[in-house]
Amino acid sequence: MKVANIKPTKGISRENFIFRGIMELTIWDAGGQERYLERYFSEPQRELIFSEVTTSVFMIDSTVKNHKVKEVFDKFLEYIIQFSPNIDKIYVLLNKIDLENSMEDEVFKFLSENISENLRDKLAFTPVSVKEGSAQHRLIEILDFEIQKSTLSMQKLGKIRSLLDKLKTSSLSEYLLFNQPDGLLIASTFGKFESKPLEFIRFEMGTLDSNLYQIYQQAMEILNVKNLSPLGLSTIIYESDTCFVLVKEVSDGAVLMTISKNKHPNVFSDIITALNSPDFESLKKFVSTSEL
Ligand SMILES: Nc1nc2c(ncn2[C@@H]2O[C@H](COP(=O)(O)OP(=O)(O)OP(=O)(O)O)[C@@H](O)[C@H]2O)c(=O)[nH]1
Ligand SMILES: [Mg+2]
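Under the numbering used here, the first residue of the sequence shown is numbered 3, with each subsequent residue one higher.
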């Protein structure tokens with residue numbers, strides 16, 4: 003998201019999200035303005051806000067250092083520990099380090115003051131910048147720890163990986179599966195693979211800005227095809243000197259990228275067969291649903 007035009011969060015904003023296509027999240031973004039803080043630190047609200055938390059992230063503007071901030075931080079810690087005692091890590095992001103007047107070191111010291119050793123061991127401070135993208139990077143890292151802690155997510159990931167490996171074996175190609183909403187990699191036949199998020203071509207006919215569809219209809223009329231099936235833009239094929247690259251929508255939630263080993267016609271046909279196989283259908287099931 004662009005950092006420039008963010009509106010202040012009113013109260014608590016709730017959003018559901020499926021991280022990396024496999025882990026369902028409910029994100030509670032708590033507005034930092036005083037009137038909202040007062041409300042959700044008060045009784046009985048605070049129990050509702052601070053209980054059943056799995057991951058907690060406190061983000062602070064590190065160009066500001068005052069007693070109000072420390073008070074808020076201490077209350078936040080108190081209620082998180084009280085109402086979600088199973089939490090083993092509390093992440094603190096010291097934001098805006100891109101600014102010259104950022105004092106992340108001082109803010110770090112200031113926030114750590116008068117905190118019991120026990121509690122201090124749970125705190126993980128990271129200097130970040132939303133503007134430069136390191137805050138987003140850190141959040142992804144934090145959620146990746148959560149995936150590793152979640153049995154259901156790990157089971158899903160295991161199934162997805164084994165399906166990708168099956169596709170690879172049957173078509174001598176590499177497969178990369180991306181989560182559509184954020185472009186993050188879900189799994190790949192390379193194992194660990196770090197890349198920038200995949201930026202999507204929108205899978206809609208309209209985005210082609212072409213009269214291809216009318217011509218297709220006309221051609222099918224000449225060919226006397228009844229029950230014309232709609233033309234979907236669900237697969238895109240690129241070609242290099244040495245390989246084919248296919249990008250196919252698995253579901254609303256995911257996109258599969260295939261890189262062929264070579265350009266032999268049978269490799270291409272094996273890929274098309276793989277992309278229309280029951281294994282491909284199974285992939286759909288595991289991505290973006292809570293089913294296993
Ligand atoms: N320079 C810089 N500005 C930032 C950064 N992150 C946020 N901002 C700016 O800081 C202001 C506040 O950002 P928000 O994301 O609304 O902050 P918030 O903590 O969610 O605020 P509340 O919703 O009121 O709790 C906005 O004007 C942002 O453009 C950053 O990393 N660097
Ligand atoms: Mg906000």
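The C-beta atom is built at its ideal place from N, Cα and C for all residues, glycine as well.
Residue i to residue j span [Cα, whole Å]
i: residue 246; j: residue 275; result: 15 Å
i: residue 69; j: residue 113; result: 10 Å
i: residue 220; j: residue 241; result: 28 Å
i: residue 86; j: residue 56; result: 8 Å
i: residue 31; j: residue 289; result: 25 Å
i: residue 154; j: residue 138; result: 24 Å
i: residue 125; j: residue 93; result: 6 Å
i: residue 264; j: residue 143; result: 35 Å
i: residue 51; j: residue 78; result: 10 Å
i: residue 23; j: residue 158; result: 10 Å
i: residue 104; j: residue 62; result: 11 Å
i: residue 10; j: residue 284; result: 42 Å
i: residue 197; j: residue 187; result: 8 Å
i: residue 244; j: residue 173; result: 16 Å
i: residue 261; j: residue 279; result: 17 Å
i: residue 121; j: residue 97; result: 22 Å
i: residue 20; j: residue 281; result: 22 Å
i: residue 213; j: residue 235; result: 13 Å
i: residue 152; j: residue 162; result: 15 Å
i: residue 33; j: residue 164; result: 42 Å
Endpoints, alpha helix (DSSP H) assigned at residue i
i: residue 147; result: 136 to 151
i: residue 176; result: No alpha helix (DSSP H) holds residue 176; the beta strand (DSSP E) holding it covers 175 to 181.
i: residue 107; result: 106 to 114
i: residue 51; result: 47 to 52
i: residue 223; result: 214 to 224
Neighbourhood of residue i by C-beta distance below 8 Å, restricted to the same chain and skipping five residues each side
i: residue 202; result: 182, 185 and 257
i: residue 82; result: 52, 55, 58, 89 and 92
i: residue 132; result: 5, 97, 98 and 138
i: residue 195; result: 178 and 187
Residue i (DSSP reduced to helix, strand or coil)
i: residue 262; result: strand
i: residue 21; result: strand
i: residue 280; result: helix
i: residue 232; result: coil
i: residue 89; result: coil
i: residue 268; result: helix
i: residue 31; result: strand
i: residue 71; result: helix
i: residue 187; result: strand
i: residue 117; result: coil
i: residue 40; result: helix
i: residue 96; result: strand
i: residue 80; result: helix
i: residue 14; result: strand
Bounding residues of the beta strand (DSSP E) (the contiguous stretch that carries residue i)
i: residue 250; result: 246 to 253
i: residue 196; result: Here residue 196 belongs to no beta strand (DSSP E), and DSSP marks it neither H nor E.
i: residue 241; result: 237 to 241
i: residue 62; result: 58 to 63
i: residue 202; result: Here residue 202 belongs to no beta strand (DSSP E), and DSSP marks it neither H nor E.
i: residue 125; result: 125 to 129
6 Å Cβ shell around residue i - same chain, five flanking residues per side excluded
i: residue 286; result: 252 and 253
i: residue 255; result: 23, 182, 289 and 290
i: residue 149; result: 25 and 155
i: residue 200; result: 180 and 185
i: residue 222; result: 230
i: residue 178; result: 190 and 259
i: residue 106; result: 64, 96, 99 and 129
i: residue 118; result: none
i: residue 238; result: 249
i: residue 272; result: 173
Same chain, Cβ closer than 7 Å to residue i, five either side skipped, listed in chain order
i: residue 192; result: 176
i: residue 108; result: 67
i: residue 218; result: 233
i: residue 75; result: 60 and 113
i: residue 49; result: 85
i: residue 72; result: 112 and 113
Residue i: CB within 6 Å of a non-hydrogen atom of ligand 3
i: residue 100; result: What this structure holds is ligand 1 and ligand 2, not ligand 3.
Any residue whose CB is nearer than 7 Å to a heavy atom belonging to ligand 2, listed in chain order = 8, 10, 11, 31, 33 and 34
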